[in-house]
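Visitor: The structure's right below; bear with me while I get my questions together.
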Amino acid sequence: MSNADRTSYAALDLGGTFALSSPTHTVRTEITLPGDVHGALLAAGEIPDPYFGENEKTVMWVNQTPWTVERSFTATAADIDGYLTLTLAEVDCIAAVLLNGEIIAKTQNAFIRYDIDVTGKVHAGDNTLRIEFAVAPDVARARADAHPFPIPFTKNYQTNGLEGIHMNFIRKAACHAGWDWGICLMPIGVYGTMSLRKSRLARQDSVQVDQAHGEHSVELSIKTRVFAFAQGSVELAHSVDGQLITDKVAVHPGENVFTQNVTIHDPRLWWPAGQGAQPLYELTTTLDGEKTTRQIGLRKLEWIVEPDDIDHTFKCRINGRDITMMGANWIPADAIPSRITPAVIRDLLESAKAANMNMLRIWGGGQYEPDYFYEMCDELGILIWHDFMFACMSYPSDRPFLADVRTEITQQVRRLSHHASIALWCGDNEVIGSLHWYPETKAAPERYVANYDRLNSMLGNIVEDEDPARRFWPSSPSMGYLDFSDGWQMDTRGDTHYWDVWHSAKPFEAYRSVNPRFASEFGFQSFTSMNVIETFAEPRDRNPSSPVMENHQRNAGGNARILETMTRYFRFPRDFDQMVFLSQIQQGLAIKTAIEYWRSTKPRCMGTLYWQINDIWPVASWSSLDYGGQWKLLQYMAKRFFLPVNVVAVPVHETVPTNSRGTPVENAAPTSIVFRGINDTAAPVSIALEIRAVKIGGGDRVVFSGDASVGPDGAITVATMPFADLAADEFLFFSWRDAHGNLLGENDYFPKPYKAYELPEPKIRAAWSEVDGQLVLTLATDKPALFVTASVDIPGYFSDNAVTLLPGRQTDLTFTPRHGATPSAAELIQSLRVRNLSETF
């Protein structure tokens, strides 16, 4: 900001190196902000890697210690000739901010941007900025103790070493205290903007863009909020699509709102991934030299919730088309915030798009992501179901708490509402459901419902006021407006969280016993990949019952459930490495069973978002990407079961066989198998389907070959075969091609558990080649081979994996390096490993 013109806007970045110390600890070191205390202590060698072994327990002292960060900065006379704002974003979380020894602000919400007027408080010359962080767990506990009635906190924290932390009384990412997939670190730091801004008279606070779509044009209503320090006038300008709007506007002290309109003729529409292009128009806003830029995608997005023959629809309509949402749930990318970078986020989001996903749900126990996250989603065509940050427990509804949350939600909606990727604002994750979980809430339901409604109604009102074009959905799951019932298992309206297969240990077939309108959460765990386990477990600890492996499993009984389920479907693996591999096959099979069936019921079900795409640290979990972004087998299977033009096999029972408890009988034989063709594109498709019955030891026969036409955004029955037509040692393998003979996809159906088959030991041949600049691995086999999986030591992913190979056919897999790697053919050949189901036992 030095040498800046006295009448212009300028900003001084205050990020950089700070001194880190504590009044109660001897540690004295440096910290880079934006950043966090754990990252600084790791860099200084003051703590071990919290992710290794059981080190989490040895670093708990960090979050129970008050910390102070301090730096000096220099300002010239020109730097301070104007109105000054100190902007701090994502201060985590209870802290006092001191400038030159004077307390200028107290922060208590990591989700709020603090704009602090420091006019006259910055000197020409040296200045000191100091932030003193309180011990957040102590503050939370004190607030909970002082509350007039008990508000229970989620039990998800109780295995993580911090007993009794009331995260519902402080505003930071709830999963920082651990979750049933997360480490408990309770990080401290500043993760967002740290800037001293000089304004002539006023500063920009937010720019929002509403869209009104006509037949051949889109009218943009640009709403700019300007904070003025005094009375006067400012120059405000917007530039978009070659059009410039300039205005000299009068301002009064405080917030000022200005709205300008511009029409885009013959607009290029924005579509979700897989449905069209993602053109973005650059909007530049300038206020007295303060320039901001936003990318605007033009699309009309509606949620259609209306009565139908079943109950009520729940579907997303984009540019006039009802489009099935396919994707997963998103949690923070790392438990150590300083490790979350644009490169890390892009890698994860590109993997989502590569697996044919068009929506992610930002879960309410995490955080609002940085601007670049949403910008990348706009670019990639990934829609966002966005929870507000409340999860799995009740929250206070006293006036100070509501006032703080009002600022948080208002700021976040204003910050993010211009993004094409934001599809829906949701009040919370499972808070309505949690009213039925705890002794306190069950004993006084009227009190806790009223307490919930005070907060939830405020959230909905803020969305209605600030972003009226978008739907507010009260909770996930929810059956709708002012419905406070526990709708987890409701499948005729609203969204569904179906967890009985994992938490109640029901068979995978139970997924076919429910018919959701929109499945926003469901999942099944696996172990993280072997090369990831090697980063945190010594060889002696690589056992599912070891303390280290159990510490890296945060769901009570999770490892036992993985293994117990394994014995239902597979023969028990011969060693730990095969157990890890088999757990990922099993996870993929579970979610494949659910999503293929639910997609086949289209248009009843118009969304499937499995839990979860990413991990926050190396752990056994429901994720399809390992910590670090490596593809697990579920991610590969997702790429197949999310194919926009798909064919799936659905077993049909004339009467669903159940046991005495009403649970579907595991692996009960169906009467027939129906093949459903699914088309999630805007154009009709013609497919040629071939179905083969394959003997597990080799040999096959064609049982169906025919053509079908599937209409746009439709699902139809393409073929039906009696189950009795299959021999005891046969499974079904089917493929479909387009009208030009191009292979669109392959799938299979096994009528019995895999353990029931006498699997042959195939000889699989693998050869690398380079085709049009791409690295291609060609696989062939002499006998049927199941879940054939290729892996290399180079970071990257194959075009497919966990595939079924048949004799006489070859499968080509292209390899895409990650993180800018450029492997040679020799490196790939040397590290290639090809495995399959038969070798697991």
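By the UniProt record's numbering, the letter at position 499 of the sequence shown is numbered 499, and the numbering carries on one by one without gaps.
Ideal placement from N, C-alpha and C gives every residue a C-beta, glycine not left out.
Because the structure is a prediction, the values reported are computed rather than measured.
(1) Asp782: which of Gln774, Val405, Asp793 and Pro760 sits nearest, CA to CA?
(2) Under 8 angstroms between the Cβ atoms of Leu380 and Leu625?
(3) With a 10 Å radius around its C-beta and 16 neighbouring C-beta atoms as the bar for buried, classify Tyr83 as buried or exposed.
(4) Going residue by residue through the segment 460-529, where are the continuous beta strand (DSSP E) segments of at least 3 residues, counting only ones entirely within it?
(5) Is DSSP giving Arg361 helix, strand or coil here?
(6) Give the C-beta separation of Ile296 and Val209 to the nearest angstrom, bearing in mind that I take them to be a contact with Cβ-Cβ under 8 angstroms.
(7) For Phe229 versus Leu201, is the C-beta distance shorter than 8 angstroms?
(8) Quick check on the burial criterion: 16 or more other C-beta atoms within 10 angstroms. Buried or exposed for Leu244?
(9) Using a Cβ-Cβ cut-off of 6 angstroms (strictly less than) and excluding sequence neighbours within five positions of Asn551, which residues of its own chain qualify?
(10) Is DSSP giving Gln587 helix, strand or coil here?
(11) Starting from Tyr83 and walking both ways along the beta strand (DSSP E), at which residues does that stretch end?
(12) Taking its Cβ as the centre, do 16 or more other Cβ atoms sit within 10 Å of Ser478, making it buried, or is it exposed?
(13) What does a CB cutoff of less than 6 angstroms around Thr263 pick up in its chain, not counting 5 residues either side in sequence?
(14) Got a sec? Which residues, its chain only, sit under 6 angstroms from Cys426 by beta carbon, not counting five neighbours each side?
(15) For Met1, collect the residues of the same chain with a Cβ closer than 6 angstroms to its Cβ; drop the 5 residues on either side in sequence, then sort them by chain order.
(16) Using the Cα positions of Tyr448 and Leu455, report the straight-line distance between them to the nearest angstrom.
(17) When the Cα atoms are used, what is the spatial distance from His166 to Leu86?
(18) Are Thr778 and Asp812 closer than 8 angstroms when you measure CB to CB?
(19) To the nearest angstrom, how far is the alpha carbon of Asp180 from that of Trp622?
(20) At which residue ranges does the segment 594-680 contain complete beta strand (DSSP E) runs of 3 or more residues, listed in the order of the chain?
(21) Of all the options Phe522, Asp577, Arg517 and Thr496, which has the alpha carbon lying nearest to the alpha carbon of Ala505?
(22) If you count every other CB in all the chains shown that lies within 10 Å of the CB of His265, and 16 or more means buried, which is it?
(23) On the DSSP bridge list, what partners appear for Met325?
(24) Between the alpha carbons of Phe815 and Phe581, how many angstroms are there, rounded?
(25) Reducing DSSP to helix, strand and coil, say where Asn456 ends up.
(26) Nearest-angstrom Cα distance between Asn641 and Val788?
(27) Around the Cβ of Thr496, are there at least 16 other Cβ atoms within 10 angstroms (buried) or fewer (exposed)?
(28) For the pair the segment 403-416 and the segment 294-309, tell me if three or more CB-CB distances fall below 8 angstroms.
(29) Are there 16 or more other CB atoms within 10 angstroms of the CB of Leu743, so buried, or fewer, so exposed?
(30) Taking 8 angstroms as the limit between beta carbons, can you name the residues of its chain near Pro753, skipping five residues before and five after?
(31) Is the CB-CB distance between Ile116 and Ile104 below 8 angstroms?
(32) Use the C-beta contact count for Ile462: other C-beta atoms within 10 angstroms, 16 or more gives buried, fewer gives exposed.
(33) For Pro400, does the count of other Cβ atoms within 10 angstroms reach 16, so buried, or fall short, so exposed?
(34) Look up Asn256 in the DSSP assignment and give the residues it is bridged to.
(35) Following the continuous beta strand (DSSP E) through Gln208, name the residue where it begins and the one where it ends.
(36) In whole angstroms, what separates the C-alpha of Asn109 from that of Glu430?
Guide: Inspection of the coordinates gives the following:
(1) One-based indexing of the sequence shown puts residue 782 at position 782. Among Gln774, Val405, Asp793 and Pro760, the Cα nearest to that of Asp782 is on Pro760.
(2) To locate residue 380, count along the sequence shown from 1; it is residue 380. To locate residue 625, count along the sequence shown from 1; it is residue 625. Taking C-beta atoms as the reference points, Leu380 and Leu625 fail to come closer than 8 angstroms.
(3) What you label residue 83 is simply residue 83 of the sequence shown in a count that begins at 1. So Tyr83 counts as buried.
(4) With a minimum length of 3 residues, the continuous beta strand (DSSP E) runs that stay inside the segment 460-529 are 519-521.
(5) Residue numbering aside, residue 361 sits at position 361 when the sequence shown is read from its first letter. It is a strand residue.
(6) Numbered from its first residue, the sequence shown carries residue 296 at position 296. Numbered from its first residue, the sequence shown carries residue 209 at position 209. With a beta-carbon spacing of about 6 angstroms, Ile296 and Val209 fall inside the 8 angstroms limit used to define contacts.
(7) The residue given as residue 229 occupies position 229 in the sequence shown. The residue given as residue 201 occupies position 201 in the sequence shown. For Phe229 and Leu201, yes; Cβs fall inside 8 angstroms.
(8) Numbered from its first residue, the sequence shown carries residue 244 at position 244. With fewer than 16 Cβ atoms within 10 Å of its Cβ, Leu244 is classed as exposed.
(9) By 1-based counting over the sequence shown, the position of residue 551 is 551. Apart from the 5 residues on each side of it in sequence, Asn551 sits with its Cβ closer than 6 angstroms to the Cβ of Glu54 in its chain, given in chain order.
(10) Indexing the sequence shown from 1 puts residue 587 at position 587. Residue state, collapsed to three classes: helix.
(11) Here the question's residue 83 lines up with position 83 in the sequence shown. Element bounds for Tyr83: Tyr83 to Ala89.
(12) On the sequence shown, position 478 is the one that residue 478 refers to. Residue environment: Ser478 is assigned as buried (16 or more neighbouring CB atoms within 10 Å of its CB, all protein chains considered).
(13) Sequence index remark: in the sequence shown, residue 263 carries index 263 (1-based). These residues qualify, in order along the chain: Ser217 and Glu219.
(14) Locating residue 426 in the sequence shown gives position 426, counting from the first residue. Listed in chain order, the non-local C-beta contacts of Cys426 below 6 angstroms within the same chain comprise Asp387, Trp473 and Ser476, local neighbours out to five positions each way being set aside.
(15) Position 1 of the sequence shown, counted from the first residue, corresponds to residue 1. Unreliable placement is indicated for Met1, whose pLDDT of 42 sits below 50; the coordinate value is still reported in the next sentence. Only Ala10, Leu12 and Asp79 meet the Cβ criterion.
(16) Numbered from 1 along the sequence shown, position 448 holds the residue referred to as residue 448. Numbered from 1 along the sequence shown, position 455 holds the residue referred to as residue 455. About 11 angstroms.
(17) Residue numbering aside, residue 166 sits at position 166 when the sequence shown is read from its first letter. Residue numbering aside, residue 86 sits at position 86 when the sequence shown is read from its first letter. Each residue's Cα considered, the two are about 30 angstroms apart.
(18) Counting from one through the sequence shown, the residue named residue 778 turns up at place 778. Counting from one through the sequence shown, the residue named residue 812 turns up at place 812. Less than 8 angstroms divides the Cβ of Thr778 from the Cβ of Asp812.
(19) What you label residue 180 is simply residue 180 of the sequence shown in a count that begins at 1. What you label residue 622 is simply residue 622 of the sequence shown in a count that begins at 1. Cα to Cα, the separation comes out at about 10 angstroms.
(20) Within the segment 594-680, the complete beta strand (DSSP E) runs of at least 3 residues are 607-610, 645-652 and 672-679.
(21) One-based indexing of the sequence shown puts residue 505 at position 505. Ranking the options by Cα distance to Ala505, first place goes to Phe522.
(22) To locate residue 265, count along the sequence shown from 1; it is residue 265. Classification of His265: exposed, given that the 10 Å Cβ count is below 16.
(23) As a working mapping, residue 325 is identified with position 325 in the sequence shown. Met325 pairs with Gly607.
(24) Within the sequence shown, residue 815 is the residue found at index 815, counting from 1. Within the sequence shown, residue 581 is the residue found at index 581, counting from 1. Cα to Cα, the separation comes out at about 20 angstroms.
(25) Here residue 456 corresponds to residue number 456 of the sequence shown, with the count starting at 1. Here Asn456 sits in helix by DSSP.
(26) In the sequence shown, counting from the first residue as 1, residue 641 sits at position 641. In the sequence shown, counting from the first residue as 1, residue 788 sits at position 788. In the sequence as displayed, the identity of residue 641 is Phe instead of Asn. Going from the Cα of Phe641 to the Cα of Val788 covers about 17 angstroms.
(27) Looking up residue 496 in the sequence shown gives position 496. With 16 or more Cβ atoms within 10 Å of its Cβ, Thr496 is classed as buried.
(28) Flag = no, the segment 403-416 and the segment 294-309 do not touch.
(29) Within the sequence shown, the letter at position 743 stands for residue 743. Answer is exposed; the Cβ neighbour count stays below 16.
(30) Along the sequence shown, one-based indexing puts residue 753 at 753. Taken in chain order, the residues that qualify are Arg568, Tyr569, Phe570 and Asn667.
(31) As a first step, residue 116 is located in the sequence shown; it is residue number 116 there, counting from the start. As a first step, residue 104 is located in the sequence shown; it is residue number 104 there, counting from the start. Going by C-beta atoms, Ile116 is nearer than 8 angstroms to Ile104.
(32) Within the sequence shown, the letter at position 462 stands for residue 462. Buried is the call here.
(33) Taking the first residue of the sequence shown as position 1, residue 400 is located at position 400. Exposed is the call here.
(34) Within the sequence shown, residue 256 is the residue found at index 256, counting from 1. Val226.
(35) In the sequence shown, counting from the first residue as 1, residue 208 sits at position 208. Run containing Gln208: Ala202 to His213, per the beta strand (DSSP E) assignment.
(36) Residue 109 sits at position 109 when you count from the first residue of the sequence shown. Residue 430 sits at position 430 when you count from the first residue of the sequence shown. The alpha-carbon atoms of Asn109 and Glu430 are separated by roughly 22 angstroms.
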